[in-house]
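Colleague: Below is the structure I would like to discuss, written out as structure tokens.
Residue numbers (the numbering used here): 508 to 829.
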């Protein structure tokens, strides 16, 4: 099995926490060949989309975790790999969008790409949750500061965030009567009048922001609750939150049921849901993480499960001619 991974520079990942790395290690255990590239190594030419990829081997060590078998990259048509994992982290900018366009062309030629590039492009991680209003807290998306003030008056305390942020960046809590409200909103909206998202503050955040993994439309039974530090309200590991293992509640499973079919239809094979209390707040489709933390908390192997399901999907696919 030949696996191609598109990701950020592999030399600068945090191996102890990196989900992509964990998936690749497991693929290596299964004797899959692993080819690595960054988005800049994709190229449309002649008869299709090529990857200038390097074959790698990995070891789970704090230093020198990657070994490049190829000194010079190999030029390979993307559809000649059995599977292509698109695992580039946001920022979701024009370069990201152009990458999804190239991947779509490769997909048309027979490349099997996880997650589906058109769906990654279309499913904004903040706004996609609004497809399922019955699962979400009260939400407002606007660039109109007066409307945000009305929303704050109604709910007394709200969270405001940019639509393109990740890892807890540009996320603020606002309380009615505070003096920093306009200043905060001006920074978020800026002169471009960009819409931002406001949501009712969910007090259960103190019990954690739960990351639930969806694999081919089905929830994995174990999750990670990210408990904010005493100095912060954000349940992001990148902002000092502590991750503890947790099992899914009845409400969690209900939310997953509402969403699973749409994820499957859109070719979003591996997705991370963020749930606070009883509410879905985000759907992460680009490069969901927290696998290593959940595996550690419960002594389980999620990556083996993901790759097994992936292998089944690959073998069920009609073979394309190489």
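Even glycine gets a Cβ: it sits at the ideal position worked out from N, Cα and C.
Treat the numbers as computed from the prediction; the structure is a model and nothing was measured.
#1: Using only the alpha-carbon positions, how far apart do residue 674 and residue 732 sit?
#2: What would DSSP say about residue 596, mapped onto helix, strand or coil?
#3: Could you check which residue in 556, 633, 561, 546 has the C-alpha nearest to that of residue 514?
#4: Helix, strand or coil, according to DSSP, for residue 640 in the structure here?
#5: Would you call the stretch 697–706 and the stretch 748–759 in contact, with 3 or more CB pairs under 8 angstroms?
#6: CB-CB under 6 angstroms to residue 797, same chain, minus the five flanking residues each way: which ones, in chain order?
#7: Looking at the unbroken beta strand (DSSP E) that takes in residue 754, where does it start and where does it end?
#8: For residue 819 and residue 812, I'd like the C-alpha separation in whole angstroms.
#9: From the DSSP output, in three-state form, read off residue 581 for me.
#10: If the criterion is Cβ atoms closer than 8 angstroms, does the pair residue 721 and residue 646 meet it?
#11: Taking the alpha-carbon of residue 723 as reference, which of 729, 569, 526, 773 has the nearest alpha-carbon?
#12: By the DSSP assignment, the alpha helix (DSSP H) with residue 733 in it spans what residues?
#13: Check this for me: beta carbons of residue 511 and residue 579, under 8 angstroms apart or not?
#14: Using the Cβ count rule (16 or more neighbours within 10 Å means buried), how would you classify residue 552?
#15: What does residue 574 pair with, by DSSP beta-bridge criteria?
#16: With DSSP run on the structure shown, which of helix, strand or coil describes residue 653?
#17: Name, in chain order, the residues that DSSP records as bridge partners for residue 612.
#18: Residue 606: buried (16+ other C-beta within 10 angstroms of its C-beta) or exposed?
#19: Take residue 590 and list the residues in its own chain whose beta-carbon comes closer than 7 angstroms to its own, dropping the five residues that flank it on each side.
#20: Can you tell me which residues form a DSSP beta bridge with residue 789?
#21: Please classify residue 795 as buried or exposed, where buried requires at least 16 neighbouring CB atoms within 10 angstroms.
#22: Grouping DSSP H, G and I as helix and E and B as strand, with all else coil, what is residue 543?
#23: From residue 807 to residue 650, what distance separates their C-alpha atoms?
#24: For the putative contact between residue 792 and residue 632, defined by C-beta atoms under 8 angstroms, what is the C-beta separation to the nearest angstrom?
#25: Considering only the alpha carbon of each residue, which of 680, 802, 710, 747 lies closest to residue 729?
#26: Return the chain-ordered list of same chain residues with a C-beta closer than 8 angstroms to the C-beta of residue 767, the five sequence neighbours on each side being excluded.
#27: Could you tell me which uninterrupted beta strand (DSSP E) segments, each at least 3 residues in length, are contained entirely in the stretch 697–732, listed from first to last along the chain?
#28: With DSSP as the reference, label residue 682 as helix, strand or coil.
#29: Anyone know if the C-beta pair for residue 751 and residue 762 falls short of 8 angstroms?
#30: Is residue 531 near residue 520, with beta carbons less than 8 angstroms apart?
#31: In this structure, does DSSP put residue 607 in helix, strand or coil?
#32: By Cβ distance below 8 angstroms, which residues in the same chain neighbour residue 524 in space, the five residues on each side in sequence not counted?
#33: Ignore the nearest five residues each way along the sequence and tell me which others in residue 747's own chain have a CB closer than 7 angstroms to its CB.
#34: On the three-state DSSP scale, how would you describe residue 814?
Modeller: The short version:
#1: Using only the alpha carbons, I get a separation of about 15 angstroms.
#2: Coil, per DSSP.
#3: Nearest C-alpha to residue 514: 546.
#4: Correct three-state label for residue 640: helix.
#5: Not touching, per the Cβ criterion.
#6: The residues are 718, 731.
#7: Segment 749–754, the beta strand (DSSP E) holding residue 754.
#8: If I take the Cα positions, the gap works out to 11 angstroms.
#9: Correct three-state label for residue 581: strand.
#10: Contact annotation: residue 721 and residue 646 have beta-carbon atoms that are not nearer than 8 angstroms.
#11: Nearest C-alpha to residue 723: 773.
#12: For residue 733, no alpha helix (DSSP H) segment is defined; the enclosing uninterrupted segment is the beta strand (DSSP E) at 729–734.
#13: With respect to the 8 angstroms criterion, residue 511 and residue 579 are not classified as neighbours on the basis of their beta carbons.
#14: With fewer than 16 Cβ atoms within 10 Å of its Cβ, residue 552 is classed as exposed.
#15: Answer is 564.
#16: DSSP places residue 653 in the helix class (H, G or I) of the three-state scheme.
#17: Beta-bridge pairing links residue 612 to no other residue.
#18: When all chains shown are included, residue 606 counts as buried.
#19: Taking residue 590 as the centre and dropping the five residues before and after it, the same chain places the C-beta of 510, 619, 621, 817, 821 closer than 7 angstroms to its C-beta, in chain order.
#20: 781.
#21: The residue in question, residue 795, is buried, as its Cβ has 16 or more Cβ neighbours within 10 Å.
#22: DSSP places residue 543 in strand when its eight states are reduced to three.
#23: Going by the C-alpha atoms only, they are around 44 angstroms apart.
#24: Contact flag correct, Cβ pair sits at about 6 angstroms.
#25: Here the closest residue by C-alpha is 802.
#26: So the list reads 721, 724, 725, 726, once near-sequence residues are dropped.
#27: Runs found: 703–707, 716–722.
#28: The answer is strand: DSSP assigns residue 682 an E or B state.
#29: Their beta carbons are not under 8 angstroms apart, which means residue 751 does not touch residue 762 by this criterion.
#30: The answer is no: Cβ separation not under 8 angstroms.
#31: The answer is helix: DSSP assigns residue 607 an H, G or I state.
#32: Correct list, in chain order: 744, 796, 799, 800.
#33: Counting only Cβ-Cβ distances below 7 angstroms, and skipping sequence neighbours, we find 736, 739.
#34: Three-state DSSP puts residue 814 in a helix.
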